[in-house]
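Enquirer: Following this message is one structure expressed as structure tokens.
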Amino acid sequence: AQTLPVHDEL
Amino acid sequence: MNLFRLGGDLAHLVSIFILLQKITANKSAAGISIKTQILYSIVYVTRYIDVFTKWISLYTFVMKLIFIASSFYTVWLMHNTYKSTQNPQIDTFKIRYLIGGSIIMAAIFNHKLTFNELVWSFSIWLESVAILPQLFMLQRTGEAENITVHYIFALGIYRALYIPNWVYRWIFDQYFDYIATVAGIIQTLIYSDFFYVYYQRVMKGKKFELP
Numbered sequence: 340a341q342t343l344p345v346h347d348e349l
Numbered sequence: 003m004n005l006f007r008l009g010g011d012l013a014h015l016v017s018i019f020i021l022l023q024k025i026t027a028n029k030s031a032a033g034i035s036i037k038t039q040i041l042y043s044i045v046y047v048t049r050y051i052d053v054f055t056k057w058i059s060l061y062t063f064v065m066k067l068i069f070i071a072s073s074f075y076t077v078w079l080m081h082n083t084y085k086s087t088q089n090p091q092i093d094t095f096k097i098r099y100l101i102g103g104s105i106i107m108a109a110i111f112n113h114k115l116t117f118n119e120l121v122w123s124f125s126i127w128l129e130s131v132a133i134l135p136q137l138f139m140l141q142r143t144g145e146a147e148n149i150t151v152h153y154i155f156a157l158g159i160y161r162a163l164y165i166p167n168w169v170y171r172w173i174f175d176q177y178f179d180y181i182a183t184v185a186g187i188i189q190t191l192i193y194s195d196f197f198y199v200y201y202q203r204v205m206k207g208k209k210f211e212l213p
């Protein structure tokens, strides 16, 4: 499964 | 964190304070689209909805609060203190289409059908088109007392530096987010159109004005 990108950008 | 993203975020922060400084120094919001500023406030609130629930870093936490506070303060100043300097007749872009379009894009392109992911995607798509009311206003009037070239330049640096940031993260962090990247490239293209319009209408226009 495609890992969910962590939204760590502003 | 990489220097591209840090530089981009700082340029973004500078652009917000350049605009605020200009408005308060001139005691006027003439030539600024309040619709674009409202859209930016919506972008920050929806993007940072988990600012108190999801901890990334102190930097991220502080920057999110600054972006939300400064954008709301800008809208508040324009809507209250300097309302008399507003000319609603020229700020006519229908932002409902931008908001509606962003909702549709979020429904189609998202990483997961969860509330947070849908809201995040909505915010990403909305940010990419949020400058359009300002662009159309500038195109119509050509006047830009408060939209200075520094503001536009800082805004451009913010958007432009995020692209090498994504390249860097794709190579070194094996991180790639197609939604942020596609919407970011669209936003960069719209910003470059903004610069072109500014250059044509304001920079060149000014030369003709001089006797």
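So the sequence lines, in the order shown, correspond to chains P and W.
Going by my numbering, the first sequence opens with residue 340, and the numbers climb by one from there.
Going by my numbering, the second sequence opens with residue 3, and the numbers climb by one from there.
Cβ atoms here follow ideal geometry from the backbone N, Cα and C, with glycine treated the same way.
Which same chain residues end up closer than 8 Å to residue 187 of chain W when comparing Cβ atoms and leaving out the 5 residues on each side of it in sequence?
Expert: Residue numbering aside, residue 187 of chain W sits at position 185 when the second sequence is read from its first letter. 165, listed in sequence order.
Enquirer: Given that a residue counts as buried once 16 or more other Cβ atoms are within 10 Å of its Cβ, and exposed if not, what is residue 130 of chain W?
Expert: On the second sequence, residue 130 of chain W is found 128 positions in, with the first residue counted as 1. Buried, by the Cβ-count rule.
Enquirer: Kindly list, in the order they appear in chain P, the residues whose Cβ is closer than 9 Å to that of residue 122 of chain W.
Expert: Against the second sequence, residue 122 of chain W aligns to sequence position 120. Near residue 122 of chain W (Cβ distances below 9 Å), the residues of chain P are 346.
Enquirer: My assumption, with CB atoms under 8 Å, is that residue 38 of chain W sits in contact with residue 135 of chain W. Please give the rounded CB distance.
Expert: In the second sequence, residue 38 of chain W corresponds to position 36, counting from 1. In the second sequence, residue 135 of chain W corresponds to position 133, counting from 1. Indeed they touch by this definition, with Cβ atoms about 5 Å apart.
Enquirer: Using beta-carbon positions only, say whether residue 141 of chain W and residue 49 of chain W come within less than 8 Å of one another.
Expert: Here residue 141 of chain W refers to the residue found at position 139 when the second sequence is read from its first residue. Here residue 49 of chain W refers to the residue found at position 47 when the second sequence is read from its first residue. Not in contact: residue 141 of chain W and residue 49 of chain W (Cβ atoms no closer than 8 Å).
Enquirer: For residue 113 of chain W, go through chain P and note every residue whose CB falls closer than 7 Å to its CB, in chain order.
Expert: On the second sequence, position 111 is the one that residue 113 of chain W refers to. The contacting residues are 343, 344.
Enquirer: How is residue 344 of chain P classed by DSSP in three states: helix, strand or coil?
Expert: As a working note, residue 344 of chain P is residue 5 in the first sequence. In this structure, residue 344 of chain P counts as coil in the three-state DSSP scheme.
Enquirer: Give a yes or no on whether 8 Å exceeds the smallest Cβ distance from residue 349 of chain P to chain W.
Expert: Against the first sequence, residue 349 of chain P aligns to sequence position 10. Closer than 8 Å to some Cβ of chain W, the Cβ of residue 349 of chain P qualifies, so yes.
Enquirer: Measure how close the beta-carbons of residue 2 of chain W and residue 22 of chain W come, nearest whole angstrom, since I'm counting them as under 8 Å.
Expert: Chain W is shown only over 3 to 213; residue 2 of chain W falls outside these bounds and no answer can be derived.
Enquirer: For the alpha helix (DSSP H) that residue 103 of chain W lies in, which residues bound it at each end?
Expert: As a position in the second sequence, residue 103 of chain W is number 101, starting the count at 1. Counting along the chain, the alpha helix (DSSP H) containing residue 103 of chain W begins and ends at 97-110.
Enquirer: For residue 72 of chain W, which residues of its own chain have a beta-carbon under 6 Å away from its beta-carbon, when the five flanking residues on both sides are left out?
Expert: Position 70 of the second sequence, counting from 1, holds the residue named residue 72 of chain W. So the list reads 18, once near-sequence residues are dropped.
Enquirer: Does the Cβ-Cβ distance between residue 28 of chain W and residue 148 of chain W come in under 8 Å?
Expert: As a working mapping, residue 28 of chain W is identified with position 26 in the second sequence. As a working mapping, residue 148 of chain W is identified with position 146 in the second sequence. Yes; because the gap between Cβ atoms is below 8 Å, this pair is in contact.
Enquirer: Taking CB distances under 8 Å as the criterion, tell me whether residue 182 of chain W reaches chain P.
Expert: Your numbering for residue 182 of chain W matches position 180 in the second sequence. So yes, residue 182 of chain W belongs to the interface.
Enquirer: Check whether the Cβ of residue 58 of chain W lies closer than 7 Å to any heavy atom of the ligand MG, and answer yes or no.
Expert: Summarising the ligand content, the structure contains no ligands, and the ligand MG is consequently not present.
Enquirer: Let me check understanding here. Comparing Cα to Cα, which of W:190, W:81, W:112, W:13 lies closest to residue 179 of chain W?
Expert: For this step, residue 179 of chain W is matched to residue 177 along the second sequence. With distances taken between Cα atoms, residue 179 of chain W lies closest to W:112.
Enquirer: With distance defined between alpha-carbon atoms, name the residue in W:116, W:176, W:190 nearest to residue 127 of chain W.
Expert: As a position in the second sequence, residue 127 of chain W is number 125, starting the count at 1. Among W:116, W:176, W:190, the Cα nearest to that of residue 127 of chain W belongs to W:190.
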